[in-house]
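Peer 1: Numbering (our numbering), first residue to last: 22 to 279.
#1: How close, in whole Å, do the beta carbons of residue 51 and residue 58 come, if the pair is a contact with beta carbons under 8 Å?
#2: Which of the three DSSP states is assigned to residue 144 in this structure?
#3: With DSSP as the reference, please indicate the residues paired to residue 130 in a beta bridge.
#4: Report the rounded CA-to-CA distance for residue 185 versus residue 245, giving the unit in angstroms.
#5: Considering only residues of the same chain and omitting the five flanking positions on each side of residue 160, which have a CB-CB separation below 6 Å?
#6: Buried or exposed for residue 144, please, with buried defined as at least 16 other CB atoms from any protein chain shown within 10 angstroms of its CB.
#7: CB-CB under 6 Å to residue 196, same chain, minus the five flanking residues each way: which ones, in chain order?
#8: Compare the beta carbon distance of residue 55 and residue 23 with 8 Å and say whether it is the shorter of the two.
#9: For residue 78, count the other beta carbons within 10 Å of its own beta carbon; 16 or more makes it buried, fewer makes it exposed. Which is it?
#10: With distances taken from CA atoms, which of 32, 75 and 137 is nearest residue 81?
#11: At which residue ranges does the region 62-88 contain complete alpha helix (DSSP H) runs of 4 or more residues, listed in the order of the chain?
#12: Out of 76, 273, 176 and 193, which one is the CA nearest neighbour of residue 254?
#13: Determine whether the beta carbon atoms of residue 129 and residue 122 lie at a separation below 8 Å.
#14: Excluding the 5 residues preceding and the 5 following residue 74 in the sequence, name in chain order all residues of the same chain whose CB lies nearer than 8 Å to its CB.
#15: Runs of 4 residues minimum, wholly inside the region 134-214: which ones carry the alpha helix (DSSP H) assignment?
#16: With a floor of 3 residues, list each beta strand (DSSP E) that falls wholly inside the region 96-126, ordered by position along the chain.
#17: Need the endpoints of the alpha helix (DSSP H) that residue 29 sits in, please.
#18: Taking C-beta to C-beta, are residue 116 and residue 49 nearer than 8 Å?
#19: Quick check on the DSSP output: the alpha helix (DSSP H) that includes residue 230 runs from which residue to which?
#20: Leaving out five residues on either side along the sequence, give the residues of the same chain with a beta carbon under 6 Å from the beta carbon of residue 88.
#21: Evaluate residue 164 with the Cβ neighbour count: other Cβ atoms within 10 Å of its Cβ, from every protein chain shown; 16 or more gives buried, anything less gives exposed.
#22: What does a CB cutoff of less than 6 Å around residue 221 pick up in its chain, not counting 5 residues either side in sequence?
#23: Do you know whose CA, among 211, 118, 228 and 201, lies nearest residue 256's CA?
#24: Can you tell me the Cβ-Cβ gap for residue 149 and residue 83, rounded? I've got them flagged as a contact below 8 Å.
#25: Label residue 169 either buried or exposed according to how many other C-beta atoms from any shown protein chain fall within 10 Å of its C-beta, with 16 as the threshold for buried.
#26: How many whole angstroms separate the CB atoms of residue 210 and residue 230, which I take to be in contact at a CB cut-off of 8 Å?
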């Protein structure tokens with residue numbers, strides 16, 4: 022099989038119809054050119070909207086969504102249902118044979134319960150510890166583009182809400198991907214002056230994670246990137262569709278192994 026590229030689609034790109042279409046058109050062009058692509062997605066804003074409609078308050082701690090049973094039901098229905106099938110439908114409209122799956126299917130994402138943080142119990146939040154490559158590998162072999170939602174399960178089948186960046190990294194590691202790409206609504210990793218950092222080595226990344234520069238949703242993204250680099254993925258990019266996601270590097274941040 023050809024080298025695999027894992028692309029994580031997130032942020033407002035999932036909510037902006039035009040931006041999402043542009044991103045999927047680029048994915049389609051690469052797929053039609055013969056590139057093996059696996060698409061991984063989250064859908065936080067869609068979950069927020071569904072929870073608001075259901076009258077359930079959003080609760081977070083340390084950047085993670087506290088996930089009780091009612092929240093988990095919404096997370097599963099939105100990620101594995103609404104958002105996943107929306108992406109499959111739009112890829113199909115672009116002429117791509119795509120199949121949507123949840124990370125819990127066939128052990129694609131295996132997780133363990135996330136420990137409490139600062140004494141706060143997070144509920145059904147998981148940490149991805151492994152990824153079984155069988156289902157995604159079978160789809161790619163059949164010429165079908167996999168679209169994976171960030172729902173995981175443990176070895177007993179208990180469902181967990183997991184970070185989509187970590188999910189993408191785990192899948193990239195399992196498949197020995199040549200590239201992991203975080204397609205986002207931000208221009209890349211920003212330094213303390215607000216300027217895009219064009220490139221970092223693995224060692225630079227460790228140092229940056231130890232600094233106060235990295236905060237919010239960028240921290241789990243960089244931690245996921247670091248885990249992928251440690252495991253042999255040679256290149257990780259963080260960029261909007263007009264940046265390093267394209268064949269020619271024109272923006273964003275590239276992270277490479279030391």
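We put the beta carbon where it would ideally sit given N, CA and C, even for glycine.
Peer 2: Considering the structure as presented:
#1: Going by Cβ atoms, the distance from residue 51 to residue 58 rounds to 6 Å, so yes, they are a contact pair.
#2: Shown here, residue 144 sits in a strand according to DSSP, grouped into three states.
#3: In the DSSP assignment, no residue is bridged to residue 130.
#4: 9 Å
#5: 120 and 167
#6: buried
#7: 25 and 154
#8: yes
#9: exposed
#10: That would be 137, whose Cα lies nearest to the Cα of residue 81.
#11: As far as the region 62-88 is concerned, its whole alpha helix (DSSP H) runs of at least 4 residues are 65-74.
#12: 193
#13: yes
#14: none
#15: 155-162 and 185-195
#16: 119-123
#17: Boundaries around residue 29 are those of the beta strand (DSSP E), 25-30, since no alpha helix (DSSP H) includes it.
#18: Contact flag set, yes.
#19: 223-230
#20: 144, 145, 146 and 182
#21: Classification for residue 164: exposed.
#22: 276
#23: 201
#24: Between residue 149 and residue 83 a beta carbon distance of about 17 Å is seen, past the 8 Å cut, so the two are scored as non-contacting.
#25: Residue 169 is buried by the Cβ-count criterion.
#26: So it is not a contact: roughly 11 Å between Cβ atoms.
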